[in-house]
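First up is the structure itself, then whatever we jot down about it.
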Amino acid sequence: MGTLWTLFISFIQVGLFSVGGGYAAIPLIQEQVVQNHKLLTMAEFTDLITIAEMTPGPISINSATFVGQRVYGTLGAVVCTFGCILPSFIICLTLAYFYYKFRKFSGVQTVLGALRPAVVALIASAGLSILVLALFNTDFNNIVLSEFRGLEFALFIGGFIILRKYKVSAVSIILGTGIVGTILQMIINAI
Amino acid sequence: MKKNRLWKLFISTLTLSAFTFGGGFVIVSLYKKKFVEELNWLDEDEMLDISAIAQSSPGPIPVNASVILGYRIHGILGSIVAVFGTIIPPFVIISLISIFYEEFKSNHVIAIALQVMRAGVAAVILDVVVNLGKNVIKTKKVLYIIVMIVAFIATYFFHLGAMYTIFFCIGIGLITVLLDYRKEKKNGNSMDSVH
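Line by line, the protein sequences are chains A and B. Residues 335 to 525 (this note's numbering) are what the first sequence spells out, left to right. Residues 116 to 310 (this note's numbering) are what the second sequence spells out, left to right.
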């Protein structure tokens, strides 16, 4: 019971203090899980980050589930995940309430108007990071041109053209590139 | 009808969450495609506002975005449904992996699939960004276009944190409001003096 409570409190803190999402949460999780409470070893934690990067879903939710499973089984995973989302839930619900109450005011609209182009830029930046990762398997500063991956480039262009021409869902494009790409890559590897 | 909507919300957040590789803004573009372009549940500006709020609040961005999106579709119940949809896929996937970790790490097919799927994710984001960018340019407001370009360069090339970009733009917005207000006041005064 004491362990469950520790898990819950640790992940409430992860949820509450990881502003900015994604990688911002990693040092925080490390502090809670490895240093403060010794729930995972550093090697296990490194494994956790590797898995979290390879699999879908937010890093803090992935970590919460992983740590909970390792320490206290499925019940632990539920408790950690719940702790991690609790602050988000309360804070965002409050913000959503105020947003929908005040968003029609002209002053609020002006401020949001200046903010929206920036959000477009943030989305574009995230997209370019993933594209570079797909094409070179690294980030922009470490690109090696000879490492260029033609298969991923072809999948990217193909996916983009299909998206522009037809009304297909995001999921079918991602799943489609996954299936087609895996088969082609295995054929290439076999040759 | 309402029940139908909740179910659709749950299924949509569930499937999108299962395919969200990469940072928080990936899910935002998937949400934009699903809820704005396909289902017409909310407009584009709203989706961008939700993204900004989700980014600036503590906690994982996809969860934050789901809370606000769910609230918009069906109040607090909608929030709960959307959050469940969002956390179930990573919960199940990670639970399975934590049990079969060694097998997972050494499986080549999984490694290949995860690598090639990034190309698909990048294509989806580019598609969404083209639509969004076009609309910013269509406003023909030079300030907005400059904000977009500068924010992109600052974020991608200089690794400026998204929070700083957002707060900086709120600052620009507030200054614009003040300038508008002063202009109006001035116009109002000159009108008064006529009378």
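Beta carbons are placed, not taken as given, at the ideal position from N, Cα and C, and that holds for glycine.
- When secondary structure is reduced to three states using DSSP, proline 392 (chain A) falls in the coil class, being assigned neither helix nor strand.
- Counting of Cβ neighbours within 10 angstroms places serine 440 (chain A) among the exposed residues, the total staying below 16.
- Only exposed fits aspartate 158 (chain B), as fewer than 16 other CB atoms lie within 10 angstroms of its CB.
- Under the DSSP assignment, valine 143 (chain B) falls in the alpha helix (DSSP H) whose first and last residues are 139-146.
- The beta-carbon of serine 172 (chain B) is placed less than 8 angstroms from the nearest beta-carbon of chain A.
- In this chain, histidine 274 (chain B) is not harboured by any alpha helix (DSSP H), its DSSP state being neither H nor E.
- About 6 angstroms separates the CB atoms of isoleucine 508 (chain A) and methionine 232 (chain B); that is less than 8 angstroms, so the two are in contact.
- Annotation: the continuous alpha helix (DSSP H) that includes isoleucine 508 (chain A) extends over 504-524.
- Flagged as an interface residue toward chain B: glutamine 403 (chain A), by a C-beta distance shorter than 8 angstroms.
- Residue burial is scored here from C-beta neighbours: serine 459 (chain A) has at least 16 other C-beta atoms within 10 angstroms and is therefore classed as buried.
- By the neighbour-count criterion, in which 16 or more other beta carbons inside 10 Å mark a residue as buried, methionine 263 (chain B) falls on the buried side.
- Between threonine 380 (chain A) and proline 205 (chain B), the gap from beta carbon to beta carbon reaches 8 angstroms or more.
- Sequence-distant Cβ neighbours of alanine 398 (chain A) in its own chain, meaning closer than 8 angstroms and more than five residues away, are Phe345, Val348, Ala411, Cys414, Thr415, Gly417 and Cys418.
- In this structure, the CA atom of asparagine 471 (chain A) is about 8 angstroms from the CA atom of glutamate 481 (chain A).
- Here proline 451 (chain A) is not bridged, per DSSP, to any residue.
- Taking all protein chains in view, the Cβ of glutamine 403 (chain A) is crowded by 16 or more other Cβ atoms within 10 Å, so the residue is classified as buried.
- Along the segment 137-158 of chain B, going in chain order, the ones with a CB nearer than 9 angstroms to a CB of chain A are Gly137, Gly138, Gly139, Phe140, Val141, Ile142, Val143, Ser144, Leu145, Lys147, Lys148, Lys149, Glu152 and Glu153.
- The beta carbon of aspartate 295 (chain B) lies closer than 7 angstroms to none in the same chain, with the five residues before and after it left out.
- The alpha-carbon of valine 236 (chain B) is positioned some 8 angstroms away from that of valine 141 (chain B).
- Judged by DSSP in its simplified three-state form, isoleucine 385 (chain A) adopts helix.
- Residue B:Ile165 holds the alpha-carbon nearest to the alpha-carbon of leucine 446 (chain A) among B:Val239, B:Ala133, B:Ala277 and B:Ile165.
- Annotated as proximal: threonine 130 (chain B) and valine 505 (chain A), with beta-carbon spacing under 8 angstroms.
- Only those residues of the segment 258-276 of chain B whose C-beta falls short of 9 angstroms from the nearest C-beta of chain A are listed: Leu258, Tyr259, Ile260, Ile261, Val262, Met263, Ile264, Val265, Ala266, Phe267, Ile268, Ala269, Thr270, Tyr271, Phe272 and Gly276.
- With 16 or more other Cβ atoms from the protein chains shown falling within 10 Å of its own Cβ, asparagine 396 (chain A) counts as buried.
- Under the three-state reduction of DSSP output, histidine 223 (chain B) falls in the helix class.
- Shown here, leucine 373 (chain A) sits in coil according to DSSP, grouped into three states, outside any helix or strand.
- Neighbours of serine 394 (chain A) in chain B, taken as residues at a C-beta separation under 8 angstroms, are given in chain order as Gly174 and Pro175.
- Taking the Cα of leucine 124 (chain B) as reference, the smallest distance to any Cα among B:Leu192, B:Thr135, B:Thr270 and B:Ala167 is reached at B:Leu192.
- Straight through space, the alpha carbons of alanine 238 (chain B) and isoleucine 521 (chain A) are spaced by roughly 23 angstroms.
- The continuous stretches of alpha helix (DSSP H) do not include phenylalanine 474 (chain A), and DSSP gives it neither H nor E.
- In terms of beta-carbon proximity, isoleucine 521 (chain A) stays away from the interface with chain B, with every pair separated by 8 angstroms or more.
- Taken in chain order, the members of the segment 193-204 of chain B whose beta-carbon sits within less than 7 angstroms of a beta-carbon on chain A are Ser194, Val198, Ile202 and Pro204.
- Excluding residues up to 5 positions away in sequence, Ile281 lie with their Cβ nearer than 8 angstroms to the Cβ of alanine 167 (chain B) in the same chain.
- For proline 421 (chain A), the closest Cβ of chain B is nearer than 8 angstroms.
- Membership of glutamate 486 (chain A) in the alpha helix (DSSP H) is indicated by the continuous run 484-499.
- The alpha-carbon separation between leucine 420 (chain A) and leucine 229 (chain B) amounts to approximately 30 angstroms.
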